[in-house]
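Chains as they are written, first to last, in our numbering: chain R, 2 to 141; chain E, 2 to 141; chain S, 2 to 141; chain Y, 2 to 141.
All C-beta atoms in this analysis are idealised placements derived from N, C-alpha and C, irrespective of residue type, glycine included.
The block underneath contains the structure these notes are about, expressed in structure tokens.
There are 4 protein chains.
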Amino acid sequence: MPFFQFPYRVRLADTDAAGVVYFANLLQIAHTAYEQALIEGGINLQQWFTQTNIALPITHGEIDCWHPIFWGDLLFINLIGEILSETKFEITYHFTGENASETVLAKGITQHICINRQTRQRNQLPQVILEILGNNDEIQ
Amino acid sequence: MPFFQFPYRVRLADTDAAGVVYFANLLQIAHTAYEQALIEGGINLQQWFTQTNIALPITHGEIDCWHPIFWGDLLFINLIGEILSETKFEITYHFTGENASETVLAKGITQHICINRQTRQRNQLPQVILEILGNNDEIQ
Amino acid sequence: MPFFQFPYRVRLADTDAAGVVYFANLLQIAHTAYEQALIEGGINLQQWFTQTNIALPITHGEIDCWHPIFWGDLLFINLIGEILSETKFEITYHFTGENASETVLAKGITQHICINRQTRQRNQLPQVILEILGNNDEIQ
Amino acid sequence: MPFFQFPYRVRLADTDAAGVVYFANLLQIAHTAYEQALIEGGINLQQWFTQTNIALPITHGEIDCWHPIFWGDLLFINLIGEILSETKFEITYHFTGENASETVLAKGITQHICINRQTRQRNQLPQVILEILGNNDEIQ
């Protein structure tokens, strides 16, 4: 069950001379959806990441490109969260299009660990992150 | 008078290790606003640019960076259009922040010519572009 | 055994406000190495991809981020190829630093299929690609 | 007289669905040339910008796009410096191609001020920057 859905309009800067979205930019779009999920979960990105000791660096990213995605396409990205351990989580991103939301055009994955920014040691996932990832109520 | 206003949330990918938005990405954000203005003006980007002979390449871009812009900032970008000739137009972009909309944080400019995609010769600006740039009614 | 080694200087545009290379940009850097391998293998990118019917779209990309990579770092990227089928290949990219080439800082993967650009049907991998991926002689 | 010349191979990520280099990416390429000029002038980017109090933020950028630039093109970028004041300098970038170096394909400009990172006050340009910009001997 997705915890967040993000609409995204593909911009010219996302595409390349092959006429479709450049593969690595799909992961950039996925991360944009993740950032918006944090914001709507109550996190002020600028304050949270500069004024707390918590960092959530990405340790792994993955993208499957199943159908070409074009400039101007309106995408809907569904985010599914999974807690992998006390200090690690994963988000899966299903990219669907405006008119055929059953067809998954691309699938992304990001894995994040929680660390203390100063010591670089692992840190328990903060409660607000657990709540955001577990929010299965608002998306049908 | 602006013909379009575009809200934009600064994403991590827009920033650099100096902690602020990378200067050239401000022009990318400006172009994103321009694309959205075209869409809301009734243009289907994918169809229009592949099925007509019209292209609107940028011949000049400019950016003034007056105040630092940070990750997570919510920007409002006001677009002001000017018809420079029968075949050329310019858009000025005023970047303002969420809480201090009088302060212009950055100012961008793009100049576009209208050409025939096949012959690469100058072409009159299409009516829909004139209408979009002249739309001064909807923004206060 | 790597078939190609690519030196790359990390630029400001590759980094983000967390002070390190933005994760998806590591895949962009990997692809840059792949492009250079094609060029040094005798392929004129512009001509080959516009004048032949062959396309090599990426179907899967992956990145493991093991150590932070900073602005100005000089990377060496070793490319290891594997033919997965008559129409599919994979490249693994080991990112190492200037002074500690045994430590792999990050590892990327791209998978490519060969298709006919017109029919979108699978096509045998061209001989030049097999030769580039099989070139194990020049790198120690 | 240029103080630095930088060769650059256009990569797929620089282009867009219009088939040419995306306009704002030309400024990114210009900045890459500037970074390389600093490195070859003896500056360790990572150390210099984190361990000194000096910052050289860009206050203005500009790009003129005169001829289309394609994926795989080998560019040569000539950098011309000008000291505008004790605390400000400008670099002009002439983009030329492999085979027709007289034709300038695009022209970029960046303006930088020198500030103290802590106080954000203007600071005199450091000697090493003056030397890099004034290096007219090595390029014919």
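Listed in chain order, the non-local C-beta contacts of Gln37(E) below 6 Å within the same chain comprise Phe7, local neighbours out to five positions each way being set aside.
Secondary structure in the region 69-140 of chain E: the beta strand (DSSP E) runs of 3 residues or longer, each lying completely within the stretch, are 75-86, 89-98, 105-114 in chain order. Residues of the region 59-75 of chain S with a Cβ closer than 7 Å to any Cβ of chain R, in chain order: Ile59, Thr60, His61, Gly62, Glu63, Ile64, Asp65, Cys66. Annotation for Tyr35(Y): the continuous alpha helix (DSSP H) segment containing it runs 24-41. Under a criterion of Cβ atoms nearer than 7 Å, no residue of chain E is adjacent to Gly109(S); the nearest Cβ is some 17 Å distant. Proximity of Glu83(R) to chain E, defined by a Cβ-Cβ separation below 7 Å, is not satisfied. When C-beta atoms of the region 97-105 of chain S are compared with those of the region 49-57 of chain S, fewer than three pairs fall below 8 Å, so the two segments do not count as touching.
Per DSSP, reduced to three states, the secondary structure at Thr60(S) is strand. Leu134(Y) and Glu83(Y) have their C-alpha atoms roughly 7 Å apart. Close CB contacts of Asn124(R) within its chain, under the 7 Å cut and outside five residues either way in sequence, are with Ile55, Thr88, Cys115, Ile116, Asn117 (chain order). Against chain Y, the CB of Gln119(E) has no partner CB under 7 Å away; the residue lies outside that interface. The C-beta of Leu80(S) comes no closer than 7 Å to any C-beta of chain E.
Per DSSP, Phe7(E) is one residue of the beta strand (DSSP E) stretching across 5-10.
Cβ contact annotation for His113(R) (same chain, cutoff 6 Å, sequence separation greater than five): Leu57, Ile59, Phe90, in chain order. For the 7 Å CB-CB criterion, Asp15(S) and Thr16(E) do not form a contact. The DSSP-derived three-state label of Asp17(R) is coil. Pairwise C-beta distances place the region 59-73 of chain Y in contact with the region 62-69 of chain E, as three or more of them are shorter than 8 Å.
Counting along the chain, Trp49(E) sits inside the alpha helix (DSSP H) bounded by residues 46-52.
Between the alpha carbons of Ser86(E) and Leu131(E) lies a gap of roughly 11 Å. Judged by their CB atoms, Leu80(E) and Phe4(E) are nearer to each other than the 7 Å cut-off. For Leu28(S), the CB contacts under 7 Å within the same chain, skipping 5 residues up- and downstream, are Gly62, Ile64, Gly109 in chain order. Distance from Thr51(R) to Arg12(E) at the Cβ level is roughly 16 Å; contact not present, criterion being Cβ atoms closer than 8 Å. Counting only the Cα atoms, Ile30(S) lies some 10 Å from Val22(S).
Among the residues of chain R, those whose CB is under 8 Å from the CB of Leu13(Y) are Asp17, Ala18, Ala19, Tyr23, following chain order. Nearest CB-CB separation between Leu28(E) and chain Y: below the 7 Å threshold. At least 7 Å separates the CB of Gln112(R) from every CB of chain E. With a threshold of 7 Å between beta carbons, Gln128(S) makes no contact with chain Y. Contact note: Gln47(E) reaches chain R through Phe71, Trp72, Gly73, Asp74, using a C-beta cutoff of 8 Å and chain order. The residues Asn54, in chain order, have a CB closer than 8 Å to that of Gln119(S) in the same chain once the five nearest residues on each side in sequence are set aside. Chain-ordered, the chain E residues with CB closer than 8 Å to the CB of His32(R) read Arg12, Leu13, Ala14. With distances taken between CA atoms, Val129(S) lies nearest to Gly42(S) out of Ala19(S), Arg121(S), Gly42(S), Glu99(S). Taking 7 Å as the cut-off, the beta carbon of Ala19(R) is found no closer than this to the beta carbon of Ala25(S).
Non-local beta-carbon contacts of Thr111(R) in its own chain, meaning distances under 6 Å to residues more than five positions away in sequence, involve Ile59, Gly62, Ile92 in chain order.
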